[in-house]
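As given, the protein sequences belong to chains H and Y, one line each in that order.
Just so we're aligned, residue 44 is where the first sequence starts under my numbering, counting upward by one.
Just so we're aligned, residue 44 is where the second sequence starts under my numbering, counting upward by one.
To keep things clear, I will list the structure first and then write my remarks on it.
Protein chains: 2
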Amino acid sequence: MTHDPISRFRRFARSVTTEVGALDESFLGRGRSLGAARVLNAIGHGRTDVAEVRQYLNLDSGLLSRLLRQLESEGLITLSPHPTDARARIAALTPLGQSEFDAYEGISNTRASELFARHPRPEALLAAMDLIASALGQDRITIEERDPRDPQSLFCLNEYYAELGRRFKTGFDVNLSCDPQATDMIPPRGAFLVAMSDGMPIGCVGVKGHGGDTAEIKRLWIAPSARGLGLSKRLMTAAETRARELGISTLRLDTNSALPEAVRLYQTSGWTEIDRFNDDPYPDHFFEKRI
Amino acid sequence: MTHDPISRFRRFARSVTTEVGALDESFLGRGRSLGAARVLNAIGHGRTDVAEVRQYLNLDSGLLSRLLRQLESEGLITLSPHPTDARARIAALTPLGQSEFDAYEGISNTRASELFARHPRPEALLAAMDLIASALGQDRITIEERDPRDPQSLFCLNEYYAELGRRFKTGFDVNLSCDPQATDMIPPRGAFLVAMSDGMPIGCVGVKGHGGDTAEIKRLWIAPSARGLGLSKRLMTAAETRARELGISTLRLDTNSALPEAVRLYQTSGWTEIDRFNDDPYPDHFFEKRI
DNA sequence: TCAATTATCTGACTCTTGTCAGATATATTT
DNA sequence: AAATATATCTGACAAGAGTCAGATAATTGA
């Protein structure tokens, strides 16, 4: 039979490589090699340190050096010494470089939006892409500490609130719950961790401290497309480690039976159920863990 | 904001290219260039005519010639003259070539099945891949005439029956419906068309004749992942064209109001509703079209 | 039958990518 | 201050992918 998972996967791989190949072809149309175009794009996307570009594109230093020279001689970028490390250099787009970068962006954006425009269910297509990106990018998921007020963190928090609203019969109103102060989730009192996958936040967790040796775990959320990959365990482990570094010895958390995956996670990872320790109207399960 | 469709698409593209790149790397591990490996794979997948391989991989004839020579000198393939065209050649794997081909297959199959094995919802992942493959492969969908009894056709027909079973309140039993004889859907009486996308069947339609100048359209089906892309219209147009070639001047069809997309399609593409013309228990709408 | 076309092969080239071994200047560590 | 490490640059090279202009032999069409 021809419709086993493997051949379906193959058809997928073939369609995507063809698409990517076609995009590369159009990039080539601007009279520059793909390598140079990639470097320009990396710089345009804010990777200004030469070392950063090299790491991102995984390039040999010699090769990158030549590509940078080429872009410089085309008048697309300027190279200046790094302010704090005179060995290193930082790259910046010139106005000409910016317009060339915009042209590349235009090519890929047009392709992408045409794809969505002619599709009957663009949201389904995007959800499918998220799912696949999470599945394929599993090994490249990183956990970063961030300010809970930065855009990536806020994105996670909003998704979290929206999901609670859908899951709780009564809906969810942040103002009724004891919303942690951002400063309680910033060192030295606490921390906020975001799981990033190829530049997109796909999960978060907060450690809310108050200066003592006890803290609360709050706002554990995983994007639907990344569920089941063991990410919540990774986030919780990272949160515990970070809490320990901050001098915290006891963690507590509250949760709700409308979130059975969460309850199960805590039960199976060393947490003990305890009595209610606050009067927040939403939670109905309370846990504690010594770390 | 960073979570617009474009950046989600980008994250997807990046994760897939990384995956494909990693696969290519492992291919390289067998001590052969990627080009040669691709040619070997194309031959192993049954593309025996050199011309076919060239077209499939979109290679320059000179380049392919050299790659074939290399594979031949490695003892992986044999090249023999084409039986009916002495200019052309056909390639075949030697036993050694077959085992080398199997090794490549093993690499990619292992990767794919590991991906599915560690995913919580492999079916959802596959459905997502199908959806994306259909969306990206739109321009590469071909409509082929096939024997309604060949495996690709049977796959479509079974999916079609299964779907009717789900859609009709009463279920669907092929034996109660007047199932067309295969020979009625083979020239000169009729035809059976299958829409193929990268080697997978994603839709079908039958023209069921009885030797006269009237025929019926039967078994119009589109895979869920390929719906909304205008494929049913393409299939119907192809069916009409083929019917005309077979000397048919009037087409009829029956359908059911549980398939509203179908009813709407016929109403908007030149068909006129007519009285019941058979006593099949399932249909409740009947159409006719002069072509 | 003869001219045009087709399938493949050959040789000569180019470009891009990538590797490697130093060279140079600056930072960091001891 | 000396030794070591780091960031980048330079030159020399090699392999892969791909292009192009003919050459050859077979097939097709007028």
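All C-beta atoms, glycine included, are put in the ideal place defined by N, C-alpha and C.
Only a predicted model underlies this, so the values are computations on that prediction, with no experimental measurement involved.
Linking ALA135(Y) to GLU148(H) through their CA atoms gives a straight-line distance of about 44 Å. For LEU136(Y), the enclosing beta strand (DSSP E) covers residues 132-136. For ILE86(Y), there is no enclosing beta strand (DSSP E); the residue is found in the alpha helix (DSSP H) stretching over 77-87. Runs of the beta strand (DSSP E) spanning 3 or more residues and lying entirely within the region 146-210 of chain H occur at 184-188, in chain order. For the pair of segments examined, the region 54-73 of chain H was found not to touch the region 117-125 of chain H: the number of CB pairs separated by less than 8 Å stays below three. By the rule that beta-carbons nearer than 8 Å mark a contact, THR60(Y) touches chain H.
Within the region 253-323 of chain H, the complete beta strand (DSSP E) segments at least 3 residues long are 257-265 and 293-298, listed from N- to C-terminus. Burial state of THR213(Y) is exposed, judged by a 10 Å Cβ sphere holding fewer than 16 other Cβ atoms. Taking 8 Å as the threshold, the shortest C-beta distance from ASN152(H) to chain Y falls below it. The C-alpha of CYS199(Y) lies about 41 Å from the C-alpha of TRP264(H). The beta carbons of ARG262(H) and GLY252(H) sit about 14 Å from each other, so the pair does not count as a contact at 8 Å. Within chain H, GLY242 and MET243 have C-beta atoms less than 8 Å from the C-beta of SER50(Y), given in sequence order. For ILE245(Y), the secondary structure class from DSSP, reduced to helix, strand or coil, is strand. For GLU331(Y), the enclosing beta strand (DSSP E) stretches over residues 328-333. Listed in chain order, the non-local C-beta contacts of THR315(H) below 6 Å within the same chain comprise GLU331, local neighbours out to five positions each way being set aside.
Chain Y places a beta carbon closer than 8 Å to that of ARG270(H), counting this residue as a contact.
Under the three-pair Cβ rule at 8 Å, the region 45-57 of chain H counts as touching the region 152-161 of chain Y. Take GLY208(Y), set aside five residues on each side of it, and the residues of its chain with a beta-carbon closer than 8 Å to its own are GLY214 and PHE215, in chain order. Excluding its 5 nearest sequence neighbours in each direction, THR137(H) has C-beta neighbours in its own chain below 7 Å: GLY118, LEU119, ILE120 and THR121, listed in chain order. Approximately 5 Å separates the beta-carbon atoms of VAL96(Y) and ALA85(Y); this is inside 8 Å, confirming the contact. For the 8 Å CB-CB criterion, GLY180(H) and ASP241(H) form a contact. When Cβ pairs closer than 8 Å are counted between the two stretches, the region 320-328 of chain Y is seen to touch the region 290-298 of chain Y, the count reaching three or more. Within the region 136-169 of chain H, the residues whose Cβ lies closer than 8 Å to some Cβ of chain Y are SER151, ASN152, ALA155, SER156, LEU158, PHE159, ARG161, HIS162, PRO163, ARG164, PRO165, ALA167, LEU168 and LEU169, listed in chain order. Using a Cβ-Cβ cut-off of 9 Å, ARG307(Y) is close to nothing in chain H; its nearest Cβ partner there is about 14 Å away. In summary, SER58(Y) is buried, with 16 or more beta-carbon neighbours lying within 10 Å of its beta-carbon over all protein chains present. For ASP47(Y), the three-state secondary structure derived from DSSP is coil. Cβ-Cβ distances below 7 Å link VAL306(Y) to THR298, SER300 and HIS328 in the same chain, with the five nearest sequence neighbours on each side left out; the list follows chain order. Segment contact: the region 166-183 of chain H against the region 167-185 of chain Y, three or more CB-CB distances shorter than 8 Å; contact assigned.
In this structure, the straight-line span from the alpha carbon of ARG54(H) to that of ALA131(Y) is close to 29 Å. For MET172(Y), the residues of chain H that pass the 7 Å Cβ criterion are ARG51, PHE52, PHE55 and ILE175, in the order they occur in the chain. If you draw a straight line from the Cα of SER104(H) to the Cα of ALA79(Y), it comes to about 29 Å. Using beta-carbon distances, PHE198(Y) counts as an interface residue toward chain H, with a partner under 8 Å. THR127(Y) carries a coil assignment under DSSP once its states are collapsed to helix, strand and coil. ARG210(Y) counts as exposed, since fewer than 16 other beta carbons sit within 10 angstroms of its beta carbon. In its chain, beyond the 5 residues on either side, ALA238, ALA266 and ALA269 have a beta carbon closer than 6 Å to the beta carbon of ILE245(Y). Take the alpha-carbon of ASN152(H) and the one of LEU308(H): they are about 40 Å apart.
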